[in-house]
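J.:
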Amino acid sequence: MNEMKANGGNVKEARLIDADKNQVTPFPLHTLDHQTLYAWHILPLGLYARHESALAAQDRSGATGATGGFVSDITTTLNFALLRDDPEARLVLYFHGNAGHITQSIRPRSFHALTSVSSKIHVLAIDYRGFGLSTGSPTEEGLILDARAAVDWATKVARVPAERIVLLGHSLGTAVAAAAAEYYCCPRSTPDAGAGCRSSDDETGDDETRETREGRGRREYKPMEFAGVILVAGFSSLPTMLSGYAIAGWIPVLRPLSFWPWLLGKVMARIVDKWPSAERLTRLTKSAKTDGRRLNLTLIHARNDWDIPFHEDDKLFKGAVRGLVEAELGIGMVYGDGRDEQEYEERERVREEEEREVERCVENLLEKEKGKRTVERWMGDGRKERDRAAVTTWGDEGVVIRQELWPYGGHNNLMFYAPVPMAVMRAFGLVEQPESTRDNGTTVRRTESTMNI
Numbered sequence: 001m002n003e004m005k006a007n008g009g010n011v012k013e014a015r016l017i018d019a020d021k022n023q024v025t026p027f028p029l030h031t032l033d034h035q036t037l038y039a040w041h042i043l044p045l046g047l048y049a050r051h052e053s054a055l056a057a058q059d060r061s062g063a064t065g066a067t068g069g070f071v072s073d074i075t076t077t078l079n080f081a082l083l084r085d086d087p088e089a090r091l092v093l094y095f096h097g098n099a100g101h102i103t104q105s106i107r108p109r110s111f112h113a114l115t116s117v118s119s120k121i122h123v124l125a126i127d128y129r130g131f132g133l134s135t136g137s138p139t140e141e142g143l144i145l146d147a148r149a150a151v152d153w154a155t156k157v158a159r160v161p162a163e164r165i166v167l168l169g170h171s172l173g174t175a176v177a178a179a180a181a182e183y184y185c186c187p188r189s190t191p192d193a194g195a196g197c198r199s200s201d202d203e204t205g206d207d208e209t210r211e212t213r214e215g216r217g218r219r220e221y222k223p224m225e226f227a228g229v230i231l232v233a234g235f236s237s238l239p240t241m242l243s244g245y246a247i248a249g250w251i252p253v254l255r256p257l258s259f260w261p262w263l264l265g266k267v268m269a270r271i272v273d274k275w276p277s278a279e280r281l282t283r284l285t286k287s288a289k290t291d292g293r294r295l296n297l298t299l300i301h302a303r304n305d306w307d308i309p310f311h312e313d314d315k316l317f318k319g320a321v322r323g324l325v326e327a328e329l330g331i332g333m334v335y336g337d338g339r340d341e342q343e344y345e346e347r348e349r350v351r352e353e354e355e356r357e358v359e360r361c362v363e364n365l366l367e368k369e370k371g372k373r374t375v376e377r378w379m380g381d382g383r384k385e386r387d388r389a390a391v392t393t394w395g396d397e398g399v400v401i402r403q404e405l406w407p408y409g410g411h412n413n414l415m416f417y418a419p420v421p422m423a424v425m426r427a428f429g430l431v432e433q434p435e436s437t438r439d440n441g442t443t444v445r446r447t448e449s450t451m452n453i
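The opening residue of the sequence shown carries number 1 in full-length UniProt numbering; numbering runs sequentially from there.
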């Protein structure tokens, strides 16, 4: 870790979040393309309390690199053993937003909220390449590799199975989490981030996670089923979000260009990293539905988010529902083997024709059914629109899409408000649903007295 340099300022010491000594373990995480990420493993508070003396007695005074108890080999710590050796341990992989680093902004409060609700919930948080003390420069492809490093560490090093892992993303992190979910949950996918990189599995012959050696950037493995994928304050795609973005919610940036579509198109074409999360969610839900796999997807947004408007969350929800519609209609998967560019272009042309039909189906379906599958709740004394919360559940026992729109929380504070830790608990099966809410996706508008949100 000595070679790590702070990019954009020094990372604060871990003890600034550490309510108790050595509850947090900073350690290095290595990627397939040889970058080194600064990562935190955070113990649940209840678990720490049971092992407080032994954990606090760990001597990290000789640690090198970043301050705050950094260890070069986390597998030698009691903290790691408490995660790896507990068959009931759960792990949240936390992908933060684009501002600052691992200890800035609302992140410490968010970590506390997640690790205080259950003695079984651990957190692994990373700084992406180019952030904080991590090496490299951030790109879409690079950040996806960073997410893969986190998932691979969790499943292969810590030996936590996917069904005990939640992918949690905030803001930019929602795009990272969606890309990671697509990569690990879909048996076939778009060209792979990190094409040409070889993992240690190439040497061991691991059948479940083998990088293909032909350089096509594809992989062969058994798709994973995570406990849940939770996206907070997400966006449909970077170009789409920017085209309607307004500073503080009312100063438009690119919206004036909408009067000249050709000019707006030129500007959008210059955006290198697209982050097409809505499309990724379509592929994710479609693949899960088609192959009969379980998927628990939760979208959470605040109506008073002035950084990313909640309408972007509606686009993500629509993209996720679209995948179910495509699966029902038998629309062809658009993955292919990537060997023939002309063949891929032909499939894209066919898909464009199909898209027009699917778009009409999805629009009609949402108009007819979304209201029936929505629970409303007013957070204030009266019933004013600004105080309205809405929770929509769509899907069935295999694939469940849940959208939560809350009146308050803004872009950042929502991360440590009750809806996020509750969504994590729900994904891990730590919240018992009342019988009245179990309806296999045909939810009607329910009264407040029966809600569990």
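Positions of the beta carbon are idealized from the N, C-alpha and C atoms, including for glycine.
Using only CA atoms, which one of Arg109, Phe27, Asn98, His30 lies nearest to Pro421?
T.: Within the sequence shown, numbered from 1, the residue matching residue 421 stands at position 421. Out of Arg109, Phe27, Asn98, His30, Arg109 has the C-alpha closest to the C-alpha of Pro421.
J.: On a CA-only basis, which of Ala288, Trp153, Lys315, Glu326 is nearest Leu29? Give me that one, please.
T.: Counting from one through the sequence shown, the residue named residue 29 turns up at place 29. It is Trp153 whose Cα lies nearest to the Cα of Leu29.
J.: Taking only three categories from DSSP, how would you classify Ile401?
T.: Translated into positions along the sequence shown, residue 401 becomes position 401. Ile401 falls in the strand class under three-state DSSP.
J.: Please list the terminal residues of the continuous beta strand (DSSP E) segment that includes Ala125.
T.: Here the question's residue 125 lines up with position 125 in the sequence shown. Its beta strand (DSSP E) spans residues 121 to 126.
J.: Let me know the secondary structure DSSP gives Asn413 once reduced to three states.
T.: One-based indexing of the sequence shown puts residue 413 at position 413. Helix.
J.: Roughly how many whole angstroms lie between the Cα atoms of Arg426 and Arg349?
T.: In the sequence shown, counting from the first residue as 1, residue 426 sits at position 426. In the sequence shown, counting from the first residue as 1, residue 349 sits at position 349. For Arg426 and Arg349, the distance between alpha carbons rounds to 40 Å.
J.: Does Val321 come out as helix, strand or coil in the three-state DSSP assignment?
T.: Position 321 of the sequence shown, counted from the start, is the residue given in the question as residue 321. Here Val321 sits in helix by DSSP.
J.: Report the start-end ranges of each beta strand (DSSP E) in the stretch 54 to 113 that is 3 residues or longer and not cut off at the edges.
T.: 90 to 95
J.: Closest to Thr31 by CA distance: which of Ala150, Pro223, Ser171 is it?
T.: Within the sequence shown, numbered from 1, the residue matching residue 31 stands at position 31. Measuring C-alpha to C-alpha distances from Thr31 to each of Ala150, Pro223, Ser171 identifies Ala150 as the nearest.
J.: Hey, out of His96, Ala288, His122, whose CA is closest to Phe80's CA?
T.: Along the sequence shown, one-based indexing puts residue 80 at 80. The option with the nearest alpha carbon to Phe80 is His122.
J.: Apart from the five residues on each side of it in sequence, which residues of its chain come closer than 6 Å, Cβ to Cβ, to Gly323?
T.: If you number the sequence shown from 1, residue 323 lands on position 323. Cβ neighbours of Gly323 beyond the five flanking positions: Thr282, Thr285, Lys286.
J.: By how many angstroms is the C-alpha of Tyr38 removed from the C-alpha of Ala175?
T.: Taking the sequence shown and counting its residues from 1, one reaches residue 175 at position 175. Taking the sequence shown and counting its residues from 1, one reaches residue 38 at position 38. Those two C-alpha atoms are separated by around 20 Å.
J.: So which of Ser118, Ser277, Asp291 has the shortest CA-CA distance to Ile144?
T.: As a working note, residue 144 is residue 144 in the sequence shown. The residue with the shortest Cα to Cα distance from Ile144 is Ser277.
J.: Excluding sequence positions up to five away, which residues of its chain have a Cβ less than 8 Å from the Cβ of Phe310?
T.: Sequence index remark: in the sequence shown, residue 310 carries index 310 (1-based). His301, Ala302, Arg303, Leu405.
J.: Between Gly97 and His51, is the Cβ-Cβ spacing less than 7 Å?
T.: By 1-based counting over the sequence shown, the position of residue 97 is 97. By 1-based counting over the sequence shown, the position of residue 51 is 51. Against a cut-off of 7 Å, the Cβ pair of His51 and Gly97 comes out as no contact.
J.: Specify, as a first and last residue, the run of the alpha helix (DSSP H) that Gly142 falls within.
T.: As a first step, residue 142 must be located in the sequence shown, where it is residue number 142. Unbroken alpha helix (DSSP H) run through Gly142: 140 to 152.
J.: Spatial neighbours of Glu354 within its chain, please: CB distance less than 7 Å, with the 5 preceding and 5 following residues excluded, ordered by chain position.
T.: Working through the sequence shown from its first residue, we reach residue 354 at position 354. Ile331.
J.: By a C-beta neighbour count over all protein chains shown, 10 Å radius and 16 as the cutoff for buried, is Met379 buried or exposed?
T.: On the sequence shown, residue 379 is found 379 positions in, with the first residue counted as 1. Exposed, since its Cβ has fewer than 16 Cβ neighbours within 10 Å.
J.: Where do the N-terminal and C-terminal ends of the alpha helix (DSSP H) with Glu376 fall, by residue?
T.: Position 376 of the sequence shown, counted from the first residue, corresponds to residue 376. First-last for Glu376: 374 to 378, but that is the beta strand (DSSP E), not the alpha helix (DSSP H).
J.: How big is the Cα-Cα spacing for Phe416 and Glu359?
T.: As a first step, residue 416 is located in the sequence shown; it is residue number 416 there, counting from the start. As a first step, residue 359 is located in the sequence shown; it is residue number 359 there, counting from the start. So the alpha carbons of these two residues sit roughly 35 Å apart.
J.: Roughly how many angstroms separate the alpha carbons of Leu365 and Lys318, rounded to a whole number?
T.: Numbered from 1 along the sequence shown, position 365 holds the residue referred to as residue 365. Numbered from 1 along the sequence shown, position 318 holds the residue referred to as residue 318. Each residue's Cα considered, the two are about 10 Å apart.
J.: What are the boundary residues of the beta strand (DSSP E) that Arg388 is part of?
T.: For the purposes of this step, residue 388 is identified with residue 388 of the sequence shown, where counting begins at 1. 388 to 395 is the span of the beta strand (DSSP E), which, as asked, contains Arg388.
J.: For the alpha helix (DSSP H) that contains Pro309, what are its first and last residues?
T.: Translated into positions along the sequence shown, residue 309 becomes position 309. Run containing Pro309: none; DSSP gives neither H nor E here.
J.: Go to Pro28, then tell me how far its alpha helix (DSSP H) extends in each direction, as first and last residue.
T.: The count along the sequence shown starts at 1 and reaches residue 28 at position 28. Element bounds for Pro28: not the alpha helix (DSSP H) but the beta strand (DSSP E), 24 to 30.
J.: Over what stretch of residues does the alpha helix (DSSP H) that includes Leu299 continue unbroken?
T.: Translated into positions along the sequence shown, residue 299 becomes position 299. Looking at the DSSP string, Leu299 is not in any alpha helix (DSSP H); the run it does join, the beta strand (DSSP E), is 295 to 302.
J.: For Cys186, which residues of its own chain have a beta-carbon under 7 Å away from its beta-carbon, when the five flanking residues on both sides are left out?
T.: Residue mapping note: residue 186 aligns to position 186 of the sequence shown, counting from 1. Excluding five sequence positions before and after Cys186, the CB atoms of its chain that fall closer than 7 Å to its own CB belong to Pro223, Arg283, Leu284, Ser287, given in chain order.
J.: Can you round the beta-carbon distance between Ile106 and Trp40 to whole angstroms, since I take them to be within the 8 Å contact cut?
T.: Counted from its first residue, the sequence shown places residue 106 at position 106. Counted from its first residue, the sequence shown places residue 40 at position 40. Their Cβ separation, rounded to whole angstroms, is 15 Å, which puts Ile106 and Trp40 out of contact at 8 Å.
J.: In whole angstroms, give me the CA-to-CA distance for Val157 and Asp86.
T.: Along the sequence shown, one-based indexing puts residue 157 at 157. Along the sequence shown, one-based indexing puts residue 86 at 86. In a straight line, the C-alpha of Val157 is about 14 Å away from that of Asp86.
J.: Measure the C-alpha to C-alpha separation of Gly130 and Ser137 and round it to an integer number of angstroms.
T.: On the sequence shown, residue 130 is found 130 positions in, with the first residue counted as 1. On the sequence shown, residue 137 is found 137 positions in, with the first residue counted as 1. Spanning the two alpha carbons is a distance of roughly 4 Å.
J.: For the beta strand (DSSP E) holding Thr36, just list the boundary residues, first then last.
T.: Taking the sequence shown and counting its residues from 1, the one referred to as residue 36 is at position 36. Residues 36 to 42.
J.: Between which two residues does the beta strand (DSSP E) carrying Gly169 extend?
T.: One-based indexing of the sequence shown puts residue 169 at position 169. Per DSSP, Gly169 is one residue of the beta strand (DSSP E) stretching across 165 to 170.
J.: Where DSSP assigns a beta bridge to Leu231, which residues make up the other side?
T.: By 1-based counting over the sequence shown, the position of residue 231 is 231. In DSSP, Leu231 forms a bridge with Gly169, Leu299.
J.: In the DSSP assignment, find the unbroken alpha helix (DSSP H) run with Gly46 in it and report its ends.
T.: Position 46 of the sequence shown, counting from 1, holds the residue named residue 46. Here the alpha helix (DSSP H) through Gly46 covers 45 to 50.
J.: Within 10 angstroms of its Cβ, does Arg356 collect 16 or more other Cβ (buried), or is it exposed?
T.: One-based indexing of the sequence shown puts residue 356 at position 356. It counts as exposed.
J.: Given a cut-off of 7 Å on the beta-carbon distance, is the pair Ala227 and Val166 in contact?
T.: Looking up residue 227 in the sequence shown gives position 227. Looking up residue 166 in the sequence shown gives position 166. Going by C-beta atoms, Ala227 is nearer than 7 Å to Val166.
J.: Ala427 lies in the alpha helix (DSSP H); which residues open and close that run?
T.: On the sequence shown, position 427 is the one that residue 427 refers to. That run of the alpha helix (DSSP H) goes 419 to 427.
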